[in-house]
Amino acid sequence: DPVPILLEGSTGVGKSASIMEAAYLCGQRELVRYNMSSRVSIDDLLGKVALVFNEKTESTVFQFVEGPFTKAFANGYWLLLDELNLAQDTVLQAIESALDTCQLTINNTSS
1 DPVPILLEGS
11 TGVGKSASIM
21 EAAYLCGQRE
31 LVRYNMSSRV
41 SIDDLLGKVA
51 LVFNEKTEST
61 VFQFVEGPFT
71 KAFANGYWLL
81 LDELNLAQDT
91 VLQAIESALD
101 TCQLTINNTS
111 S
């Protein structure tokens with residue numbers, strides 16, 4: 001079972017590099033990396049409905065686009081959230097809930 005890991009430390013000591021090296025050594029096929037900030041919303045992290053051009057039908061449609069957390073969560077990828085300490089409380093609560101329950105709930109994906 002996956003285990004969330006939180007690394008804390010001063011800037012530039014190699015936290016991110018250590019995680020990337022560990023992913024490589026463990027044979028992780030993909031590592032999703034995302035830089036957090038106080039401006040990152042739940043929609044940015046989990047995903048949102050956006051206008052997307054469909055090349056087959058040559059039309060623009062509304063479609064749910066996965067965010068980095070959802071992509072990693074759904075596919076079993078490792079996720080590296082840089083600067084997590086800068087995230088809004090609501091974003092941290094959504095992350096914590098998903099990690100605690102092993103379930104990810106995304107509301108309003110149809111509009």
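All the letters of the sequence shown, read from the start, carry residue numbers 1 to 111 under the UniProt record's numbering.
Here a beta-carbon is modelled for each residue, glycine too, at the ideal position from N, C-alpha and C.
Looking at residue i: is its Cβ nearer than 8 Å to the Cβ of residue j?
i	j	result
residue 72	residue 78	yes
residue 92	residue 33	no
residue 52	residue 61	yes
residue 67	residue 47	yes
residue 83	residue 10	no
residue 4	residue 99	yes
By the 10 Å Cβ neighbour count, where 16 or more other Cβ atoms means buried, how is residue i classified, buried or exposed?
i	result
residue 69	buried
residue 7	exposed
residue 74	exposed
residue 22	exposed
residue 25	exposed
Residues in the same chain with beta-carbon distance under 8 Å from residue i, minus the five sequence neighbours each way, listed in chain order, please.
i	result
residue 29	77
Keeping to the same chain, check which residues put their C-beta closer than 6 Å to that of residue i; ignore five residues upstream and five downstream.
i	result
residue 19	80
For the ligand PLP, any of its heavy atoms closer than 7 Å to the Cβ of residue i?
i	result
residue 107	As far as ligands go, the structure on display features none, and thus does not contain the ligand PLP.
Starting from residue i, follow the beta strand (DSSP E) in both directions and report where the run begins and ends.
i	result
residue 49	47-54
residue 57	Looking at the DSSP string, residue 57 is not in any beta strand (DSSP E), and its letter there is neither H nor E.
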